[in-house]
Amino acid sequence: MPLPFKHLISTRQLTRADTEEILKVSAEMEKIRKKGGNELLKGKILAALFYEPSTRTRLSFETAMQRLGGEVVTAEGIQFSSLYKGETIEDTLQMVSQYADIAVMRHPEQGSAEKAASASSIPFINAGDGPGQHPTQALLDLYTIEKECGRIDGIHIAMVGDLRYGRTVHSLSYLLGLFKNVRFTLISPGELTMPEKVTGFYRENNLSFEETDDIRLGLDADVIYMTRVQQERFADRSEYERLKLKYVLSAAMLKGKKVTVMHPLPRVGEISTDVDALKNAAYFRQAGNGVPVRMALLAMLLGKA
Amino acid sequence: MPLPFKHLISTRQLTRADTEEILKVSAEMEKIRKKGGNELLKGKILAALFYEPSTRTRLSFETAMQRLGGEVVTAEGIQFSSLYKGETIEDTLQMVSQYADIAVMRHPEQGSAEKAASASSIPFINAGDGPGQHPTQALLDLYTIEKECGRIDGIHIAMVGDLRYGRTVHSLSYLLGLFKNVRFTLISPGELTMPEKVTGFYRENNLSFEETDDIRLGLDADVIYMTRVQQERFADRSEYERLKLKYVLSAAMLKGKKVTVMHPLPRVGEISTDVDALKNAAYFRQAGNGVPVRMALLAMLLGKA
Amino acid sequence: MPLPFKHLISTRQLTRADTEEILKVSAEMEKIRKKGGNELLKGKILAALFYEPSTRTRLSFETAMQRLGGEVVTAEGIQFSSLYKGETIEDTLQMVSQYADIAVMRHPEQGSAEKAASASSIPFINAGDGPGQHPTQALLDLYTIEKECGRIDGIHIAMVGDLRYGRTVHSLSYLLGLFKNVRFTLISPGELTMPEKVTGFYRENNLSFEETDDIRLGLDADVIYMTRVQQERFADRSEYERLKLKYVLSAAMLKGKKVTVMHPLPRVGEISTDVDALKNAAYFRQAGNGVPVRMALLAMLLGKA
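Chains as they are written, first to last, in this note's numbering: chain A, 1 to 305; chain B, 306 to 610; chain C, 611 to 915.
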């Protein structure tokens with residue numbers, strides 16, 4: 001089943017059927033990857049446009065393309081953004097459409113992904129537009145939940161840390177809303193609670209959620225999704241320092257617990273390294289799941305899956 | 306017919322026969338690209354050395370190499386230039402000649418391309434040396450004129466904007482000088498007129514040209530070639546602001562006109578976006594033509610065309 | 611014979627047998643490269659992680675991977691390091707291990723390579739950790755000595771310039787210590803003599819060495835290994851300026867001499883360009899030898915040689 005859209009901008013555009021199809025193709029891609037990749041996208045070129053650097057996301061997309069035999073051209077960072085000072089995103093995408101077969105973009109401004117897609121004559125994937133959306137992260141999170149827990153319907157997920165500015169927990173919430181009986185425990189300091197646009201979404205969709213500042217209420221969930229407090233969101237550095245390590249998950253806290261620990265990475269102390277050796281620790285596997293999920297999306301949007 | 310040189314530094318080294326051969330091979334490359342590329346340059350490596358970032362030119366060369374099955378290594382920007390502070394361009398090229406099969410270089414200093422070529426034991430292409438030459442841009446411009454107008458001999462071209470510092474209009478002028486009965490209408494403010502070295506070339510070669518500051522005199526030409534006024538050429542910012550948008554081409558001005566609109570891009574306002582939807586607008590197709598022209602040059606200089 | 615280790619961090623971990631095996635495979639790789647490469651590493655991905663830019667080393671590794679049909683993903687420089695401010699090297703390597711099949715890292719801090727290797731589940735190669743080790747440079751130096759002189763046992767090598775901070779002469783010394791009857795002439799100003807850790811190694815291993823500040827004592831050796839005085843090692847700029855060009859090798863000094871001239875490059879004046887045309891000048895061939903040596907290491911560590 002081909003996806004009913006050409007560009008992936010937001011998780012909001014996904015139906016449950018689309019999402020399940022992506023997860024199914026991702027599982028096939030994981031098998032292909034384990035066998036060393038194939039040549040499905042041979043002759044195809046991915047343009048990776050990172051106005052804002054994100055090595056993790058970029059390497060994940062680039063290796064996904066290469067595992068399917070495709071090629072990559074990259075523009076990243078300071079030089080790239082300064083160069084195009086003055087050129088509109090729309091013009092850049094019209095130009096890139098002449099060179100490559102599919103484009104991925106990370107950009108610091110919310111709404112930039114929609115502008116880019118509107119001008120792109122090749123398939124376009126949003127790899128994060130500032131505080132906006134990051135749909136491929138949400139899809140790999142969902143894929144990880146399904147792999148680790150064996151199901152998505154009926155899951156109990158605790159989200160911890162910066163729920164206010166944490167783009168990943170927003171995108172994932174919308175995606176989980178497509179499934180049945182998902183229960184959310186939202187754990188954050190008062191300054192960083194889940195915004196109304198997301199809790200409103202929970203209410204509209206009759207999703208069960210509770211809010212607390214006590215991390216212990218998340219330890220018996222199926223999944224505990226830790227997030228980093230991002231320094232760049234705070235004007236006041238002391239405020240950042242105070243909130244940064246309010247929640248630190250340690251091996252001692254997880255003793256006897258079955259909860260799957262996830263984190264979009266990088267972590268800066270929210271999860272002690274003594275957790276890494278536990279079976280609960282899924283965060284590096286989660287990062288690895290980005291590759292098959294992105295292989296699936298690249299192949300599907302190029303009409304090759 | 307192989308090209309009678311190993312390195313492409315300037316359009317001045319091209320004869321009409323060379324130029325026509327490059328255009329012919331470019332047209333073949335465009336067909337190959339439309340079929341998804343081939344493996345003509347499999348096993349070959351292009352080194353893309355961008356001391357000065359130019360994402361557009363770099364992506365165009367890199368995808369050209371990849372469409373022919375070749376590989377690319379890239380060095381771009383600040384880190385690259387700071388690293389080699391102290392190393393001569395000649396040493397860098399001697400080193401790169403040990404790694405790659407062909408090299409492309411963009412450098413901010415005029416004359417750097419000649420130095421680089423003198424030390425390169427592999428074929429070398431100048432991708433712009435400051436205010437000097439940018440021969441592959443001129444060749445793709447010429448290829449675009451031929452494709453859009455069906456001929457080059459007898460063409461009437463209006464060049465608009467910053468004719469003084471605009472490297473592209475100089476290189477293109479020299480190349481058009483190889484053809485018959487080309488007529489130039491040069492449209493610029495008094496501060497930015499075509500330099501004597503180029504008008505002298507017109508005179509020596511009996512090329513017809515006229516100078517004006519009225520853009521309306523260009524609207525009935527076969528081609529109107531718009532250029533951007535480059536801020537970096539002005540010490541005085543207010544001078545730049547005053548001249549920047551002296552000529553803005555809009556859809557209204559093109560009503561009933563057949564003129565082909567070209568621009569080397571990026572534009573920063575010289576062409577209204579309402580022109581984009583018109584048949585006249587050839588500038589994004591022009592950017593796309595960079596790929597087959599560079600495929601042709603890479604293949605020809607590697608002896609594979 | 612597979613190498614008895616998964617990660618290459620230091621030349622100190624190499625036995626004579628390992629070293630000879632690497633040199634043997636390198637010679638085979640040089641033949642493969644001359645025939646245009648092969649597909650030994652098709653489907654494999656190298657992650658090139660350059661926290662500190664080093665275009666020379668990076669391009670050498672990247673082209674080595676490509677000559678064997680493998681793919682490369684790259685993270686380099688300012689953006690990369692600033693992005694991961696806060697993430698440990700161990701976490702970065704755990705993440706990269708999910709994407710690529712082998713990793714190469716250059717990092718400004720001594721000891722970073724050991725940290726990285728400890729967390730890497732894929733083979734890892736140290737491409738320089740600050741003032742620490744740079745084992746692939748030492749191996750390509752050794753390969754060059756063998757090619758140029760026909761042997762390593764019994765060689766007389768003069769090392770010239772900054773022997774105190776010059777990482778390459780330290781790593782090479784350890785490696786030459788595995789061979790028989792190697793004689794060292796150490797030529798430097800008093801401020802930049804070989805550190806005790808290396809001269810102590812000479813003594814423990816009964817290696818013959820002499821120290822002097824007179825470059826003429828090196829001109830009858832088999833190899834004269836010139837080094838650059840690195841500005842970044844000096845707090846006092848005038849001190850740097852004074853020592854920088856204390857030793858400048860010129861064609862006149864080499865008249866009638868058979869000594870092989872080596873240099874890890876870049877040079878900033880220590881070798882006059884009039885030396886380049888002499889048969890003695892091996893430094894660009896030396897740079898070129900980096901490719902087959904790195905092809906050998908990539909293939910051997912991936913279990914494909």
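C-beta: ideal position from N, C-alpha, C; glycine also.
{"Check": "Residue range of the beta strand (DSSP E) that C/D739 falls in?", "Outcome": "F734 to D739"}
{"Check": "My assumption, with CB atoms under 8 Å, is that C/S731 sits in contact with C/D772. Please give the rounded CB distance.", "Outcome": "In fact, because the Cβ distance is near 37 Å, the residues do not count as touching under 8 Å."}
{"Check": "Given that A/G288 touches chain C, what residues does it touch there, using C-beta distances under 9 Å?", "Outcome": "M705, S707, Q708 and Y709"}
{"Check": "Within its chain, find whatever has a CB closer than 6 Å to the CB of B/N343; leave out the 5 residues flanking it on each side and keep chain order.", "Outcome": "I337"}
{"Check": "Going by DSSP, what residue range makes up the alpha helix (DSSP H) through C/T673?", "Outcome": "T665 to R677"}
{"Check": "Once the 5 residues before and after C/G913 are set aside, which same chain residues still bring their CB inside 7 Å of it?", "Outcome": "P612"}
{"Check": "Please state if the CB of C/A737 and the CB of C/G828 are separated by a distance shorter than 8 Å.", "Outcome": "no"}
{"Check": "Cβ of C/G647 less than 8 Å from any chain B Cβ?", "Outcome": "yes"}
{"Check": "Applying the criterion that 16 or more other CB atoms from any shown protein chain within 10 Å of the CB defines a buried residue, is B/F310 buried or exposed?", "Outcome": "exposed"}
{"Check": "Would C/L670 count as contacting chain B if we go by Cβ distances under 8 Å?", "Outcome": "Note that residue 670 of chain C corresponds to Ser in the displayed sequence, not to Leu. By this cut-off, C/S670 is an interface position."}
{"Check": "Excluding the five sequence neighbours on either side, which residues of its own chain have a C-beta within less than 8 Å of the C-beta of C/Q720, listed in chain order?", "Outcome": "D739, G740, P741 and G742"}
{"Check": "How would you call C/K807, buried or exposed, if buried means at least 16 neighbouring beta carbons within 10 angstroms?", "Outcome": "exposed"}
{"Check": "Taking only beta-carbon atoms, is C/V878 less than 8 Å away from chain B?", "Outcome": "yes"}
{"Check": "Quick check: what's the CA-CA separation for A/I155 versus A/Y143?", "Outcome": "13 Å"}
{"Check": "Flag C/R666 as yes if its beta-carbon sits less than 8 Å from any beta-carbon of chain B, otherwise no.", "Outcome": "yes"}
{"Check": "Report yes if the CB atom of C/L678 is closer than 8 Å to the CB atom of C/L659, and no otherwise.", "Outcome": "no"}
{"Check": "Would you check if there are 3 or more beta carbon pairs closer than 8 Å linking the region 557-565 of chain B to the region 504-517 of chain B?", "Outcome": "no"}
{"Check": "Taking Cβ positions, are B/G391 and C/P876 nearer each other than 8 Å?", "Outcome": "yes"}
{"Check": "Using a Cβ-Cβ distance under 8 Å, would A/T88 count as near chain C?", "Outcome": "no"}
{"Check": "Ordered along the chain, which non-local residues of its own chain (more than five positions away) have a Cβ less than 7 Å from that of B/A405?", "Outcome": "I350, L351, A352, V378 and I427"}
{"Check": "Quick check on A/N321: buried or exposed, where buried means 16 or more other Cβ atoms within 10 Å of its Cβ?", "Outcome": "The requested residue 321 of chain A does not occur in the structure, where chain A is confined to residues 1 to 305."}
{"Check": "Can you look up A/M194 in the DSSP assignment and give me helix, strand or coil?", "Outcome": "coil"}
{"Check": "Using a Cβ-Cβ distance under 8 Å, would A/G43 count as near chain B?", "Outcome": "yes"}
{"Check": "Starting from A/I32, trace the alpha helix (DSSP H) both ways and give me its first and last residue.", "Outcome": "R16 to K34"}
{"Check": "Can you say whether A/D91 is buried or exposed, counting buried as having 16 or more other CB atoms within 10 angstroms of its CB?", "Outcome": "buried"}
{"Check": "Would you say C/L875 reaches chain B, if we count a Cβ-Cβ gap shorter than 8 Å as a contact?", "Outcome": "yes"}
{"Check": "To the nearest angstrom, how far is it from the Cα of B/Y588 to the Cα of B/S555?", "Outcome": "14 Å"}
{"Check": "Which one of A/S97, A/T19, A/R164 and A/H170 has the shortest CA to CA distance from A/H134?", "Outcome": "A/H170"}
{"Check": "Is C/Y784 helix, strand or coil when you go by DSSP?", "Outcome": "helix"}
{"Check": "Applying the criterion that 16 or more other CB atoms from any shown protein chain within 10 Å of the CB defines a buried residue, is A/E52 buried or exposed?", "Outcome": "buried"}
{"Check": "Going by C-alpha to C-alpha distance, which of A/V182, A/V160, A/R183 and A/R242 sits closest to A/T212?", "Outcome": "A/V160"}
{"Check": "With H, G and I counted as helix, E and B as strand and the rest as coil, what does DSSP make of C/R716?", "Outcome": "strand"}
{"Check": "Between B/Q535 and chain A, is any beta-carbon pair separated by less than 8 Å?", "Outcome": "no"}
{"Check": "How long is the line joining the alpha carbons of A/T311 and A/V229, rounded to whole angstroms?", "Outcome": "Because chain A here runs from 1 to 305, residue 311 of chain A falls outside it and cannot be looked at."}
{"Check": "With H, G and I counted as helix, E and B as strand and the rest as coil, what does DSSP make of B/A352?", "Outcome": "strand"}
{"Check": "Can you give me the start and stop residues for the alpha helix (DSSP H) that C/A723 sits inside?", "Outcome": "S722 to A729"}
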